[in-house]
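Structure first, commentary second.
In my numbering, the protein residues as written are 1408 to 1845.
Okay, structure coming up:
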């Protein structure tokens, strides 16, 4: 469990909070490029780290992220005109460029120099392979973008996705670094008889409780969770947490999967899940029951609601709290462990069910929660160290993000870190990986 003070430190992200200050040291995935499709396209309301902002792409294609409120009379710039390299407030015509400078003030006399004294809060933005990033920190010169492998590959553009989750970013993120829940929440109806011997799923189902090795890294934390495989081998699931909110779950084979998930705090109570990946159908795990039928609950999730223009109306799912995620109790009895369709939606339902911010003073953590404990400590310590002048981990070392996750079979006497060093490196092709995932 955590103390209430530690839980507040961990979860609160607004301006001036220790965790909010830490997160602002990093570039933040903020929007999909498709949300600002072209010059002078419609502005977008963007709540990020508890701040209400307006994102726009100007006439020259430059990206702007400015305060929602015009500094004149506090009207919302969402209703502004995106025109001629700036966003113009429709109340009195004050116009601001992507740097936040007031470039026109038609309500004042021509001889007035008042506009030269007015500036609006503005944050820098960058764009790479279909993802728009925001830097909300104090540096005059921002740090480099992290070397997130899929985001550095053009093939990721069509695979970028986003989804709103109605809970705090930490509990949303923690689902990705909790390997123990796989065999229950997602595969609870599978038995050993339902899967082919010698596969990763076979080892998962035969031994539902893995053993753990957890290490702190320069970029965050990493776990190796092992189960007995054959008499002389272990099956390892190795996964990454990268500061401040990136995860790489151990899907497929270590060395093959190219994908990173981002758990971006919208505010204290909402999270935007941003995914960057390279599609690779060979690494997908197709799970079937003993009759050869796909396991109910892994696919078939419903789609997205149309985007609205409100602060919390982007990338919402049709299955949600209001309809209990369309839980099917009959399916839960006979076909599906949860009765909820889709892996992502199963995760969403559970993490949202904990309340917007989980009360960690009432948790009872076990040995399977070691990665969660270590990662919480890493975040809290980094936030508090920043207050004392210690730089944020990895922020100036983009190459540290060049890592992968996945499953692997190793000899029982092998050192898991040494044996997987090459397989954990991003931007490396491993053509000899044997298909053992399903």
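We treat Cβ as the ideally placed atom computed from N, Cα and C, and that holds for glycine. Just so we're clear, the structure is a prediction, and the values are computed from it rather than from any experiment.
- Sixteen is the threshold: since fewer than 16 other Cβ atoms of the shown chains lie within 10 Å of the Cβ of residue 1411, the residue is exposed.
- Look at residue 1584 here: in three-state DSSP terms it is helix.
- If you look at residue 1632, you'll find it in the beta strand (DSSP E) that goes 1627 to 1635.
- Here the alpha carbon of residue 1580 sits roughly 17 Å from the alpha carbon of residue 1408.
- Counting only runs of 3+ residues, the beta strand (DSSP E) found wholly inside the stretch 1587 to 1665 occupies 1618 to 1623, 1627 to 1635, 1640 to 1649 and 1653 to 1655, in chain order.
- Shortest Cα-Cα distance from residue 1619 to any of 1632, 1610 and 1482 involves 1632.
- In chain order, 1473, 1526, 1527, 1528 and 1529 place their CB closer than 7 Å to the CB of residue 1507, counting only its own chain and leaving out the 5 sequence neighbours on each side.
- For residue 1678, the uninterrupted beta strand (DSSP E) segment begins and ends at 1677 to 1684.
- Residue pairing from DSSP places residue 1674 in a beta bridge opposite 1677.
- With respect to the 9 Å criterion, residue 1493 and residue 1512 are not classified as neighbours on the basis of their beta carbons.
- Inclusion of residue 1628 and residue 1778 in the CB contact set at 9 Å is warranted, their separation being smaller than that value.
- Taking the Cα of residue 1616 as reference, the smallest distance to any Cα among 1510, 1776 and 1491 is reached at 1776.
- Closest in alpha carbon position to residue 1675, among 1413, 1419, 1568 and 1742, is 1419.
- Rounded to the nearest whole angstrom, the CA to CA distance from residue 1563 to residue 1554 is 14 Å.
- Here the stretch 1570 to 1586 does not lie against the stretch 1543 to 1559, with fewer than 3 beta-carbon pairs under 8 Å apart.
- Less than 9 Å separates the beta-carbon of residue 1566 from that of residue 1686.
- Under DSSP, residue 1816 shares a beta bridge with 1642.
- The DSSP assignment places 1434 to 1439 as complete runs of the beta strand (DSSP E) inside the stretch 1408 to 1452, in order along the chain (cut-off: 3 residues).
- The beta carbon of residue 1834 is closer than 7 Å to those of 1556 and 1809 in its chain, skipping five residues each way along the sequence.
- Its Cα nearest to that of residue 1540, the residue 1471 stands out among 1575, 1523 and 1471.
- Here the stretch 1654 to 1661 does not lie against the stretch 1737 to 1756, with fewer than 3 beta-carbon pairs under 8 Å apart.
- When DSSP states are grouped into helix, strand and coil, residue 1480 belongs to the coil group.
- The alpha carbon of residue 1587 has as its nearest neighbour, out of 1644, 1559 and 1680, the alpha carbon of 1644.
- Residue pairing of residue 1539 in beta bridges, as defined by DSSP: 1438 and 1534.
- For residue 1570, the enclosing beta strand (DSSP E) stretches over residues 1568 to 1572.
- When 1489, 1575 and 1463 are compared, the shortest CA-CA separation from residue 1534 is found for 1463.
- Under the three-state reduction of DSSP, residue 1789 is assigned to helix.
- When rounded, the separation of the alpha-carbon atoms in residue 1489 and residue 1784 is 44 Å.
- Classified as buried, residue 1432 has 16 or more neighbouring CB atoms from the shown chains inside 10 Å of its CB.
- CA-to-CA, the gap between residue 1681 and residue 1427 works out to about 19 Å.
- Linking residue 1815 to residue 1630 through their CA atoms gives a straight-line distance of about 13 Å.
- Rounded to the nearest angstrom, the gap between the Cα atoms of residue 1486 and residue 1572 is 26 Å.
- Burial is judged here by how many other beta carbons sit within 10 angstroms of a residue's own beta carbon; residue 1648 has at least 16 and is buried.
- Taken through DSSP and simplified to helix, strand or coil, residue 1776 comes out as helix.
- Of the residues 1642, 1559, 1560 and 1484, the one whose Cα lies closest to the Cα of residue 1821 is 1642.
- Per DSSP, the beta bridge partners of residue 1494 are 1489 and 1503.
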